[in-house]
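Enquirer:
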(Lines of atoms letter the chains of each structure in order from A and count residues from 1; the text may use other names and numbers.)
(Lines give C-alpha, C1' and ligand atoms only; values in the text may rest on other atoms or scores of the structure.)
Protein backbone atom coordinates (compact mmCIF):
# COMPACT_ATOMS: atom_id res chain seq x y z
CA UNK A 1 0.00 0.00 0.00
CA UNK A 2 2.82 2.41 0.90
CA UNK A 3 4.58 1.59 -2.35
CA UNK A 4 1.41 2.32 -4.34
CA UNK A 5 0.86 5.61 -2.48
CA UNK A 6 4.41 6.64 -3.26
CA UNK A 7 4.14 5.55 -6.88
CA UNK A 8 0.97 7.60 -7.39
CA UNK A 9 2.68 10.63 -5.85
CA UNK A 10 5.63 10.14 -8.21
CA UNK A 11 3.27 9.95 -11.19
CA UNK A 12 1.52 13.08 -9.96
CA UNK A 13 4.78 15.02 -10.20
CA UNK A 14 4.36 14.97 -13.97
CA UNK A 15 2.38 18.21 -13.48
CA UNK A 16 5.63 20.02 -12.61
CA UNK A 17 6.85 21.41 -15.92
CA UNK A 18 10.38 22.48 -15.06
CA UNK A 19 13.81 22.56 -16.68
CA UNK A 20 14.24 18.77 -16.60
CA UNK A 21 11.15 18.42 -18.78
CA UNK A 22 12.64 20.52 -21.56
CA UNK A 23 16.04 18.89 -21.14
CA UNK A 24 14.52 15.43 -21.58
CA UNK A 25 12.56 16.50 -24.66
CA UNK A 26 15.57 18.21 -26.23
CA UNK A 27 17.98 15.34 -25.61
CA UNK A 28 15.48 12.74 -26.83
CA UNK A 29 14.66 14.64 -30.01
CA UNK A 30 18.32 15.26 -30.72
CA UNK A 31 19.92 11.90 -29.92
CA UNK A 32 17.12 9.38 -29.48
CA UNK A 33 15.83 6.92 -26.92
CA UNK A 34 19.11 5.85 -25.31
CA UNK A 35 20.15 9.44 -24.73
CA UNK A 36 16.79 10.28 -23.17
CA UNK A 37 16.89 7.23 -20.91
CA UNK A 38 20.39 8.17 -19.71
CA UNK A 39 19.26 11.72 -18.96
CA UNK A 40 16.28 10.28 -17.03
CA UNK A 41 18.64 8.02 -15.06
CA UNK A 42 20.80 11.01 -14.21
CA UNK A 43 17.71 12.79 -12.91
CA UNK A 44 16.62 9.85 -10.76
CA UNK A 45 20.12 9.37 -9.31
CA UNK A 46 20.12 13.01 -8.18
CA UNK A 47 16.67 12.44 -6.65
CA UNK A 48 17.98 9.40 -4.75
CA UNK A 49 20.79 11.54 -3.35
CA UNK A 50 18.30 14.21 -2.28
CA UNK A 51 16.10 11.62 -0.56
CA UNK A 52 19.14 10.30 1.33
CA UNK A 53 20.26 13.79 2.35
CA UNK A 54 16.79 14.75 3.57
CA UNK A 55 16.15 11.45 5.34
CA UNK A 56 19.44 11.37 7.23
CA UNK A 57 19.17 14.97 8.32
CA UNK A 58 21.96 16.40 6.20
CA UNK A 59 19.58 19.15 5.10
CA UNK A 60 20.98 21.35 7.88
CA UNK A 61 24.09 21.78 5.74
CA UNK A 62 22.04 22.64 2.66
CA UNK A 63 20.04 25.16 4.66
CA UNK A 64 23.21 27.19 5.28
CA UNK A 65 23.09 30.52 3.39
CA UNK A 66 26.43 29.80 1.71
CA UNK A 67 25.28 26.39 0.47
CA UNK A 68 21.99 27.76 -0.84
CA UNK A 69 23.84 30.59 -2.58
CA UNK A 70 26.21 28.28 -4.48
CA UNK A 71 23.53 25.73 -5.39
CA UNK A 72 21.31 28.52 -6.69
CA UNK A 73 24.12 30.27 -8.57
CA UNK A 74 25.39 27.09 -10.25
CA UNK A 75 21.87 25.94 -11.06
CA UNK A 76 20.86 29.23 -12.63
CA UNK A 77 24.03 29.59 -14.70
CA UNK A 78 23.84 25.97 -15.90
CA UNK A 79 20.27 26.41 -17.15
CA UNK A 80 21.13 29.68 -18.86
CA UNK A 81 24.15 28.08 -20.56
CA UNK A 82 22.13 25.12 -21.85
CA UNK A 83 19.30 27.40 -22.93
CA UNK A 84 21.62 29.70 -24.86
CA UNK A 85 23.12 26.70 -26.64
CA UNK A 86 19.65 25.65 -27.79
CA UNK A 87 18.83 29.21 -28.89
CA UNK A 88 22.08 30.07 -30.65
CA UNK A 89 22.95 26.69 -32.16
CA UNK A 90 19.68 24.94 -33.16
CA UNK A 91 21.06 24.10 -36.62
CA UNK A 92 24.24 22.62 -35.15
CA UNK A 93 22.15 20.47 -32.83
CA UNK A 94 20.06 19.22 -35.76
CA UNK A 95 23.14 18.40 -37.85
CA UNK A 96 24.93 16.39 -35.16
CA UNK A 97 25.29 12.68 -35.86
CA UNK A 98 22.76 10.47 -34.11
CA UNK A 99 25.19 7.63 -33.38
CA UNK A 100 25.83 7.48 -29.67
CA UNK A 101 29.43 7.52 -28.50
CA UNK A 102 30.81 7.28 -24.99
CA UNK A 103 31.08 11.05 -24.66
CA UNK A 104 27.39 11.45 -25.55
CA UNK A 105 26.39 8.84 -22.97
CA UNK A 106 28.32 10.57 -20.22
CA UNK A 107 27.08 14.01 -21.30
CA UNK A 108 23.38 13.02 -21.30
CA UNK A 109 23.57 11.38 -17.88
CA UNK A 110 25.54 14.30 -16.45
CA UNK A 111 23.16 16.92 -17.83
CA UNK A 112 20.17 15.10 -16.36
CA UNK A 113 21.91 14.79 -13.00
CA UNK A 114 23.12 18.39 -12.78
CA UNK A 115 20.00 20.14 -14.08
CA UNK A 116 17.92 18.32 -11.47
CA UNK A 117 20.42 18.39 -8.60
CA UNK A 118 21.28 22.10 -8.71
CA UNK A 119 17.63 23.14 -8.96
CA UNK A 120 16.72 24.44 -5.47
CA UNK A 121 13.02 23.87 -6.14
CA UNK A 122 13.67 20.12 -6.37
CA UNK A 123 15.42 20.25 -3.01
CA UNK A 124 12.42 21.88 -1.32
CA UNK A 125 10.00 19.41 -2.92
CA UNK A 126 11.98 16.50 -1.47
CA UNK A 127 12.12 18.12 1.96
CA UNK A 128 8.32 18.18 1.89
CA UNK A 129 8.00 14.59 0.68
CA UNK A 130 10.46 13.20 3.22
CA UNK A 131 8.98 15.21 6.10
CA UNK A 132 5.49 13.99 5.24
CA UNK A 133 6.68 10.38 5.06
CA UNK A 134 8.51 10.53 8.39
CA UNK A 135 5.46 11.94 10.14
CA UNK A 136 2.94 9.49 8.67
CA UNK A 137 4.91 6.27 8.14
CA UNK A 138 6.54 4.82 11.23
CA UNK A 139 8.34 1.66 10.07
CA UNK A 140 11.60 1.84 8.12
CA UNK A 141 10.63 -0.93 5.65
CA UNK A 142 7.42 0.96 4.86
CA UNK A 143 9.39 4.18 4.37
CA UNK A 144 11.71 2.39 1.95
CA UNK A 145 8.71 1.11 -0.01
CA UNK A 146 7.17 4.58 -0.07
CA UNK A 147 10.32 6.31 -1.32
CA UNK A 148 10.91 3.55 -3.86
CA UNK A 149 7.38 4.08 -5.15
CA UNK A 150 7.86 7.84 -5.46
CA UNK A 151 11.17 7.43 -7.31
CA UNK A 152 9.78 4.77 -9.63
CA UNK A 153 6.76 6.97 -10.37
CA UNK A 154 9.03 9.89 -11.29
CA UNK A 155 11.20 7.63 -13.46
CA UNK A 156 8.07 6.30 -15.20
CA UNK A 157 6.88 9.80 -16.12
CA UNK A 158 10.35 10.80 -17.32
CA UNK A 159 10.60 7.72 -19.52
CA UNK A 160 7.12 8.46 -20.89
CA UNK A 161 8.35 11.91 -21.94
CA UNK A 162 11.38 10.33 -23.63
CA UNK A 163 9.40 7.71 -25.56
CA UNK A 164 6.76 10.26 -26.59
CA UNK A 165 9.40 12.68 -27.89
CA UNK A 166 11.17 9.93 -29.85
CA UNK A 167 7.84 8.67 -31.24
CA UNK A 168 6.82 12.03 -32.68
CA UNK A 169 10.32 13.04 -33.84
CA UNK A 170 10.07 11.43 -37.32
CA UNK A 171 6.91 13.45 -38.03
CA UNK A 172 8.57 16.75 -37.19
CA UNK A 173 10.17 18.63 -40.05
CA UNK A 174 13.64 20.17 -39.52
CA UNK A 175 12.36 23.75 -39.30
CA UNK A 176 9.79 22.69 -36.69
CA UNK A 177 12.50 20.95 -34.66
CA UNK A 178 14.57 24.11 -34.90
CA UNK A 179 11.74 26.15 -33.38
CA UNK A 180 11.24 23.53 -30.66
CA UNK A 181 14.92 23.77 -29.68
CA UNK A 182 14.77 27.57 -29.66
CA UNK A 183 11.59 27.56 -27.55
CA UNK A 184 13.12 25.03 -25.15
CA UNK A 185 16.20 27.24 -24.93
CA UNK A 186 14.17 30.32 -24.13
CA UNK A 187 12.31 28.44 -21.38
CA UNK A 188 15.55 27.04 -19.92
CA UNK A 189 17.06 30.54 -19.83
CA UNK A 190 13.87 31.79 -18.16
CA UNK A 191 14.11 29.09 -15.50
CA UNK A 192 17.76 29.97 -14.97
CA UNK A 193 16.99 33.68 -14.51
CA UNK A 194 14.16 32.79 -12.17
CA UNK A 195 16.50 30.69 -10.05
CA UNK A 196 19.16 33.42 -9.98
CA UNK A 197 16.46 35.85 -8.87
CA UNK A 198 16.29 33.87 -5.63
CA UNK A 199 19.74 35.21 -4.77
CA UNK A 200 18.23 38.67 -4.15
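In our numbering, the protein residues as written are 96 to 295. In this text, a Cβ means the ideal position worked out from N, Cα and C, and glycines have one as well. Since the structure is predicted, the reported quantities are computational estimates derived from the model, not experimental observations.
(1) Between residue 206 and the rest of its own chain, which residues show a CB-CB distance below 8 Å, the 5 nearest in sequence each way excluded?
(2) What did DSSP end up calling residue 102 once you bin it into helix, strand or coil?
(3) When you compare only the Cα positions, how much space is there between residue 260 and residue 225?
(4) Sort 279, 227, 201 by Cα distance to residue 129 and report the nearest one.
(5) Distance, Cα to Cα, residue 100 vs residue 221?
(6) I'd like to know if the segment 103–113 and the segment 246–259 are in contact, where contact means that at least 3 CB-CB pairs between them fall below 8 Å.
(7) Residue 251 to residue 263, Cα distance in whole Å?
(8) Taking the Cβ atom as the reference point for each residue, do residue 167 and residue 291 lie within a distance shorter than 8 Å?
(9) Out of curiosity, what's the CA-to-CA distance linking residue 285 and residue 145?
(10) Run through the segment 219–265 for me and flag every whole alpha helix (DSSP H) of 4 or more residues, listed as ranges in chain order.
(11) Three-state secondary structure (DSSP) at residue 127?
(12) Take residue 241 and list the residues in its own chain whose beta-carbon comes closer than 8 Å to its own, dropping the five residues that flank it on each side.
(13) Roughly how many angstroms separate the alpha carbons of residue 164 and residue 110, rounded to a whole number?
(14) With 16 other CB atoms within 10 Å as the buried threshold, where does residue 114 fall?
(15) Let me check understanding here. Comparing Cα to Cα, which of 271, 217, 243, 276 lies closest to residue 170?
(16) Residue 149 CB to nearest chain C CB: under 8 Å?
(17) Note down, in chain order, each residue of its chain lying with its Cβ closer than 6 Å to the Cβ of residue 211, except the 5 sequence neighbours on either side.
(18) Can you tell me which of the three DSSP states residue 96 falls into?
Expert: Considering the structure as presented:
(1) In the chain shown, residue 206 corresponds to position 111, counting from 1. Within the same chain, residue 206 has close Cβ partners 118, 122, 134, 137, 177.
(2) Residue mapping note: residue 102 aligns to position 7 of the chain shown, counting from 1. It is helical.
(3) One-based indexing of the chain shown puts residue 260 at position 165. One-based indexing of the chain shown puts residue 225 at position 130. Taking the straight line joining both Cα atoms gives about 31 Å.
(4) For the purposes of this step, residue 129 is taken as the residue at position 34 of the chain shown. The option with the nearest alpha carbon to residue 129 is 201.
(5) The count along the chain shown starts at 1 and reaches residue 100 at position 5. The count along the chain shown starts at 1 and reaches residue 221 at position 126. Going from the Cα of residue 100 to the Cα of residue 221 covers about 16 Å.
(6) yes
(7) Sequence index remark: in the chain shown, residue 251 carries index 156 (1-based). Sequence index remark: in the chain shown, residue 263 carries index 168 (1-based). Each residue's alpha carbon lies about 18 Å from the other.
(8) Numbered from 1 along the chain shown, position 72 holds the residue referred to as residue 167. Numbered from 1 along the chain shown, position 196 holds the residue referred to as residue 291. The answer is yes: Cβ separation under 8 Å.
(9) The residue labelled residue 285 in the question sits at position 190 within the chain shown. The residue labelled residue 145 in the question sits at position 50 within the chain shown. Going by the C-alpha atoms only, they are around 24 Å apart.
(10) 235–263
(11) One-based indexing of the chain shown puts residue 127 at position 32. Here residue 127 sits in coil by DSSP.
(12) Locating residue 241 in the chain shown gives position 146, counting from the first residue. Counting only Cβ-Cβ distances below 8 Å, and skipping sequence neighbours, we find 97, 98, 100, 101, 228, 232.
(13) Along the chain shown, one-based indexing puts residue 164 at 69. Along the chain shown, one-based indexing puts residue 110 at 15. Rounded to whole angstroms, residue 164 to residue 110 spans 27 Å at the Cα level.
(14) Position 19 of the chain shown, counting from 1, holds the residue named residue 114. Label assigned to residue 114: buried.
(15) Within the chain shown, numbered from 1, the residue matching residue 170 stands at position 75. When only C-alpha atoms are compared, the closest one is 217.
(16) In the displayed structure, chain C is absent; only one protein chain is listed.
(17) Numbered from its first residue, the chain shown carries residue 211 at position 116. Only residues of its own chain outside the window of five on either side were considered, and among them 115, 138, 141, 217 have a CB closer than 6 Å to the CB of residue 211, listed in chain order.
(18) As a position in the chain shown, residue 96 is number 1, starting the count at 1. Residue 96 falls in the coil class under three-state DSSP.
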